[in-house]
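Here's the structure, in structure tokens; my notes come after.
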Amino acid sequence: MKSTDLKERGFKEYYGEKINVYFNKDMCEHAAECVGNSPDVFDTERRPWILPDKENPEQVEHTVNLCPSGALQYIHKDLHNGNQATRTKACD
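Using the numbering used here, you'd call the opening residue of the sequence shown number 1031 and step up by one each time.
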């Protein structure tokens, strides 16, 4: 899925050097998998609350995949030119 498609579906984009993270507040079930597994990346007390570069892209990907609601998505920068999201569970 393209970043433009995610944005059209209500996702906000958080830029990183190697991976971008997308969040849809209306889909979030507040399971806190993100803040529990990657607190340096996901910190609700900070603005912006998502900083993808605080951990390696593989850890960010792992944490996003733990999100039960699909409110979190990601696109690796190496795939960004092809506009493919590698995590689209909630959007399929």
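From the three backbone atoms N, C-alpha and C, an ideal C-beta is built for every residue, glycine too.
{"Asked": "Separation of Glu1088 from Pro1133, as counted between CA atoms", "Found": "Since the first residue of the chain shown is 1031 and the last is 1122, residue 1133 is not available in this structure."}
{"Asked": "CA-to-CA distance, Leu1102 to Arg1039, given in whole angstroms", "Found": "12 Å"}
{"Asked": "Cross-strand partners of Lys1037 (DSSP beta bridge)", "Found": "Lys1037 is not bridged to any residue."}
{"Asked": "CB contact flag (Val1065, Lys1084, <8 Å)", "Found": "no"}
{"Asked": "Three-way DSSP call (helix, strand, coil) for Asn1050 in this model", "Found": "strand"}
{"Asked": "Three-state secondary structure assigned by DSSP to Lys1148", "Found": "Residue 1148 cannot be examined here, being either before or after the span of the chain that is shown, 1031 to 1122."}
{"Asked": "Start-to-end residues for the alpha helix (DSSP H) that takes in His1060", "Found": "Unbroken run through His1060: none, as it is neither H nor E."}
{"Asked": "Under 8 Å between C-beta atoms of Ile1049 and Pro1082", "Found": "yes"}
{"Asked": "Where the beta strand (DSSP E) through Leu1102 begins and ends", "Found": "Leu1102 to His1106"}
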